[in-house]
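Quick note on this note's numbering: the sequence shown kicks off at 1 and runs consecutively. Ideal placement from N, C-alpha and C gives every residue a C-beta, glycine not left out. Since the model is a prediction, treat every value here as computed from it, not as a measurement. Here the structure comes first, spelled out in structure tokens, and everything after it is commentary.
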Amino acid sequence: MLLLLLLFYASPTVSSSDWLTPQEQIAASYTCDPECWFNETEINSTSIAHWPVNCSTVCGVISLTLSADLSIFDLTPYFKNLKVLKGALWITNTEYKSTSFLSSLEQIHCDPLGIYINLNKILEELVFGNLTNVTCDFYVYNNTVLDASQFCADHGTTANMYVYANMKNCEGCVSGRIDLDTVKNFKNCTSLLGGTTITDIFLWSGTDMSPLNNVQNISGSFELWNTDAPNLSFMKSLKSIQSNRYWKYDMDLHENYNLTRMEMSSLTVRFVNFISIGITSQFETLTSSKGTFLLNVQQVHPDFCFTTDEMDLFMRNNVQFQTIEAKYCQNETIEGVCDFGGMSILESNCVGILGKVAVNSGDEGYVEKLKTVKSIYGTLSIQNTTLTNLSFLANLQYIASLNDTSTGFQVTFNKQLQNSSLPSLRRVYSLSKYQISFQDNGAGLLNSSACLALMDSLITTNVLFDGQECDDVCTFDRSILSSETLKQWPRKCSTVCADLYIGHETDLTEAQLTSAFKNMKILVGSLVVTRTKYTSGRFLEGLESVECDDSVFMWILNSKMTELGLANLTSISCRVYLASNKAMTRLNVPNLKKLASPSPNYTRVDIDINTLSPDFCITIEEMTNFCQSKKLR
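Following this line, the structure appears as structure tokens:
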């Protein structure tokens, strides 16, 4: 496979921040526990004594160079607890055969300083078994005997990888910038690695884009900007894009003023073929390690359009849109896709409908025509009808509106409508704040359960019932609270549904937690606080009730926590478990009076308190409250 060397020399030096030391750059970029800093410039037998062995998250630079006089076996015990590195990783000119001493690493936050593994003449393998998140470029080059193929297979989409000039590199061609001078170098490439940017291409001058005709896969982001290309047909063999969390956009088409179509035929045809044999749940062609694939299309030709096949690709891969300056392509004959001109003249057996689908008073007799519809490329409105349910939409999966600011799916003034079940609907996309709106329908739809039932099956879709948001907007479905997942925390909600886990992975200060939780009064779900460095639970001081069903209210192994400090907490409906918080001297829950079991077959509530500070005590007020609860054990 052709290897394309980068046109610049990369080294672990500071460029834009020459006036700051690496440690100062780290401190400016990240929140760090003062006890978990490594301030040495290199790791050797002398400096390793300062490594914070007991910390799972460490701020500092792991720099191993020619002066490294510790073996792999010497290093392994020091790094065994390391899961998150905030800083940099530089392994240069060493005598190590493997990086197995870093196999416990899960995340590397390295934006200001980078990762460089180079000039290691006997390095044979890269071992990062648990690595799932890297926030900077990852450079691996000029390691004479290194076989990086397995590393690339395991972690190729974890970061923007530049792996070159080793004995064996990632399978594919390191891409980077592709322009009129370099495009010829990609003639034999079937895979592109790293962020791929096609720019300064001007077809009017006769630039030959055929070298890209064989590219089937891109590992990294894809960008097309500042070209005169009318379409992307020169990428006709492309079947998948596996992007990573490093890039803002996973696919970015901008400042291409002649661009009117995508026309990446293999991407959509391959996808549609998989649709036809019914295995879409296992098949994804557009993916990103950050969870969602983000597409941006702006500053293109006014006639730029997507085909319905392309929109199917986006919807079923849950592609998110930033700016989309596009409309649907018209006058295309696609089997099963019907143009909408009215319910009375709509064809039967349509699988998709293009246009603004409207079901109005008098159309009730035609709604059976919609039973076969899976996708609507436009909007859907149902208003002023005598319909009692929406069973005729049982197969509808997607609604996607382009170049339209109206709500994608509106159901209004249907006074006999009692059932809003839409069992197959997965997503509605529109430019409006709310993609689905039910307003002034039957009395049976006035309760929140109808809204929540609909929300259960939807992704990235906001629903409004009679002017009220679904309570599900106040749901937090991430497994661990961290600086990244905090972005999804429903800060404005007084009642939050969540299995809230705050652990050693939670890289947030007590002040940040206090700000996030300040409006939450009721938590519906479990609460687990474990292995943290927090001194109290006062960041949850506004919490009044925990409705934890058959789950748990648990605080364990918090070495610095002196109290819960939940002064406003009045009720808990599950087992309370406090253990191994060795600095805890008191509860400070003066208003906790109601302890109730959610289980009808088990009326008692357990409170298990053990292995705390020898000075731990319960106030008379707290004990009185506990004793008054007949269900306490």
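Using a Cβ-Cβ cut-off of 6 angstroms (strictly less than) and excluding sequence neighbours within five positions of residue i, which residues of its own chain qualify?
i, result
"residue 399", "376, 380, 408, 409, 428"
"residue 619", "none"
"residue 242", "157, 219, 287"
"residue 627", "none"
"residue 579", "556, 610, 611"
"residue 639", "Residue 639 cannot be examined here, being either before or after the span of the chain that is shown, 1 to 633."
"residue 296", "249, 252, 322, 323"
"residue 357", "340, 376, 380"
"residue 121", "144"
Keeping to the same chain, check which residues put their C-beta closer than 7 angstroms to that of residue i; ignore five residues upstream and five downstream.
i, result
"residue 650", "Residue 650 lies beyond the stretch modelled for the chain, which goes from 1 to 633, so this question has no answer here."
"residue 177", "197, 199"
"residue 237", "213, 214, 215, 216, 266"
"residue 568", "541, 542, 543, 544, 591"
"residue 282", "With a pLDDT of 38 at residue 282, under the threshold of 50, the modelled position of that residue is not reliable, and the figure given next carries that caveat. Counting only Cβ-Cβ distances below 7 angstroms, and skipping sequence neighbours, we find nothing."
"residue 405", "431, 432"
"residue 263", "231, 232, 233"
"residue 47", "40"
When we look at the beta-carbon of residue i and count the other beta-carbons within 10 Å, is it buried (16 or more) or exposed?
i, result
"residue 553", "buried"
"residue 89", "buried"
"residue 310", "buried"
"residue 208", "exposed"
"residue 155", "buried"
"residue 251", "buried"
"residue 151", "buried"
"residue 415", "exposed"
"residue 496", "buried"
"residue 223", "buried"
"residue 248", "exposed"
"residue 360", "exposed"
"residue 143", "buried"
"residue 373", "buried"
"residue 66", "exposed"
"residue 634", "Lying before the first or after the last residue shown, residue 634 is absent from the chain, which here runs from 1 to 633."
"residue 468", "exposed"
"residue 443", "exposed"
"residue 623", "exposed"
"residue 493", "buried"
"residue 617", "exposed"
Name the residue from the options whose alpha carbon lies nearest to the alpha carbon of residue i.
i, options, result
"residue 394", "415, 430, 351", "351"
"residue 532", "571, 581, 519", "581"
"residue 389", "558, 411, 513, 55", "411"
"residue 588", "574, 625, 573, 129", "625"
"residue 426", "460, 405, 413", "460"
"residue 25", "112, 62, 247, 55", "112"
"residue 94", "296, 71, 442, 364", "71"
"residue 45", "59, 78, 22, 30", "78"
"residue 519", "491, 501, 166, 503", "491"
"residue 319", "142, 493, 293", "293"
"residue 364", "478, 378, 52, 387", "387"
"residue 106", "127, 344, 331", "127"
"residue 180", "391, 167, 225, 191", "225"
"residue 512", "485, 522, 524, 521", "485"
Does the beta-carbon distance from residue i to residue j come in below 8 angstroms?
i, j, result
"residue 162", "residue 137", "yes"
"residue 558", "residue 576", "no"
"residue 229", "residue 256", "yes"
"residue 573", "residue 546", "yes"
"residue 148", "residue 130", "no"
"residue 329", "residue 353", "no"
"residue 86", "residue 30", "yes"
"residue 175", "residue 193", "yes"
"residue 424", "residue 383", "no"
"residue 475", "residue 498", "yes"
"residue 83", "residue 41", "no"
"residue 403", "residue 327", "yes"
"residue 52", "residue 36", "yes"
"residue 101", "residue 76", "yes"
"residue 479", "residue 500", "no"
"residue 99", "residue 119", "no"
"residue 458", "residue 441", "no"
"residue 191", "residue 244", "no"
Spatial neighbours of residue i within its chain, please: CB distance less than 8 angstroms, with the 5 preceding and 5 following residues excluded, ordered by chain position.
i, result
"residue 482", "505, 506, 507, 508"
"residue 275", "With a pLDDT of only 42 at residue 275, under the threshold of 50, the placement of this residue in the model should not be trusted; the figure read from the coordinates follows. Taken in chain order, the residues that qualify are 312, 316."
"residue 270", "Any reading at residue 270 needs caution, since the residue's pLDDT is 42, under 50, leaving its predicted position unreliable; the model's value is listed next. Cβ within range, chain order: 239, 285."
"residue 260", "230, 231, 300, 301, 303, 304, 305"
* What runs of the alpha helix (DSSP H), each 4 residues or longer, lie entirely inside the stretch 297-377? -> 308-316
* Counting only runs that start and end within the stretch 211-245, where is the beta strand (DSSP E) found for 3 or more residues in a row? -> 217-219, 222-225, 240-243
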